[in-house]
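Just below is one structure, and these are the notes that go with it.
Residue numbers (the working numbering): 6 to 352.
Here you go:
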């Protein structure tokens, strides 16, 4: 039985989350806390498989709690519960930076049956991954060089296309600030994230980076030396305008593989543009999104794929899938991927 700690100052939210978690065989809410102070004591006294926590807590704040857990090298994954209102977005980004492995958006009001059902599905999906024992925490700053091969297309790429999911916000906040201001090509990123949070994610990373980082806009021309993060909750693909320039296409068709945005959609769209040499990067994330799209892209384009290694991945799902299918040309620790990218670009 996997033990879960629920931390929330709302009695209604505590009951809702407990009912959802306890309804699933193999999971049990063993303790409930109303604030961060109580949670810190509970975590000191007992061992949990997962912690589900509201981003707003009395006593010790959620951010302070996450930082203390990280300082203690606590390996219990934390899922942050937030809302889609704008006031919560900055706090949500701080929670991800501080070590939360995933974010689940709660409904705005509990009379919304569809919202409750969506919350239940998202929470259970995140909980199963977080408590499965395959979430890793890389507390060691030292990394090992793991070159497998080096391509022969230095400096001839048209685009970098990156995909990530669980653990992705932290990974992006590590990788992108390590890139130089000038890389000579645009970089596009599909990060599985709810609607309303990717603009804040882009702004935070941009503040710490030499290269410009922004949320992608529909029909926007993709410019060199810019990182475009796909909007949360909407599909993202790449097309060409009448001048042959690469542009972002953002739309609201149904989810693919229960995902929107979906990396497979992005990668498959690149099969239909003239750009021929593409650098693909797959970072931490659950599932196999990106594998099918990269496979199709490999059949029609010259691509080189770098995937994150298991040790530095929060969840070794997406990069494992790409590697196991023989689509990864190079496996790297997170902190060496920027160097591999610049090597490939010849900058």
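Positions of the beta carbon are idealized from the N, C-alpha and C atoms, including for glycine.
Between which two residues does the beta strand (DSSP E) holding residue i run?
i	result
residue 84	83 to 87
residue 198	Neither: residue 198 is in no beta strand (DSSP E) and is coded neither H nor E.
residue 251	251 to 256
residue 168	164 to 169
residue 337	335 to 337
residue 245	240 to 245
residue 59	55 to 59
residue 262	From DSSP, residue 262 is part of no beta strand (DSSP E); its letter is neither H nor E.
residue 225	Counting along the chain, residue 225 falls outside any beta strand (DSSP E), and DSSP gives it neither H nor E.
residue 38	32 to 38
residue 109	107 to 110
Specify, as a first and last residue, the run of the alpha helix (DSSP H) that residue i falls within.
i	result
residue 329	323 to 329
residue 208	203 to 212
residue 8	No alpha helix (DSSP H) holds residue 8; the beta strand (DSSP E) holding it covers 7 to 12.
residue 181	Element bounds for residue 181: n/a, residue is neither H nor E.
residue 24	16 to 27
residue 114	Taken as a continuous stretch (DSSP letters only), residue 114 belongs to no alpha helix (DSSP H), as it is neither H nor E.
residue 76	67 to 76
residue 270	268 to 274
residue 44	41 to 50
According to the Cβ coordinates, are residue i and residue j closer than 7 Å?
i	j	result
residue 170	residue 290	yes
residue 220	residue 203	yes
residue 100	residue 56	no
residue 19	residue 27	no
residue 237	residue 199	yes
residue 162	residue 193	no
residue 301	residue 273	yes
residue 218	residue 266	no
residue 244	residue 254	yes
residue 207	residue 288	no
residue 205	residue 94	yes
residue 350	residue 210	no
residue 109	residue 128	yes
residue 47	residue 54	no
residue 347	residue 326	no
residue 227	residue 251	yes
residue 332	residue 294	no
residue 286	residue 240	no
Comparing C-alpha positions only, which one of the options sits nearest to residue i?
i	options	result
residue 135	97, 344, 84	84
residue 340	323, 334, 351, 316	316
residue 132	184, 274, 181, 10	10
residue 311	242, 322, 338	338
residue 105	303, 325, 118, 87	87
residue 34	283, 7, 40, 271	7
residue 98	180, 62, 123, 201	201
residue 44	32, 65, 31	65
residue 41	31, 67, 23, 49	67
residue 130	270, 29, 211, 239	29
residue 345	309, 303, 324, 108	309
residue 179	103, 31, 116, 74	103
residue 120	21, 256, 197	21
residue 343	63, 313, 334, 304	313
residue 303	324, 51, 281	281
residue 166	122, 114, 235	235
residue 58	23, 258, 49, 114	23
residue 197	247, 123, 292	292
Would you please state the rounded distance, in angstroms, between the beta carbons of residue i and residue j? I believe it to be under 8 Å.
i	j	result
residue 336	residue 328	6 Å
residue 25	residue 125	5 Å
residue 215	residue 184	7 Å
residue 181	residue 232	6 Å
residue 279	residue 249	6 Å
residue 230	residue 186	7 Å
Should residue i be flagged as near chain D, meaning a C-beta pair shorter than 7 Å?
i	result
residue 262	In the structure shown, chain D does not exist; there is a single protein chain.
* **Inside the segment 278 to 306 only - beta strand (DSSP E) runs reaching at least 3 residues** => Unbroken beta strand (DSSP E) stretches of 3 residues or longer found wholly inside the segment 278 to 306: 282 to 287, given in chain order.
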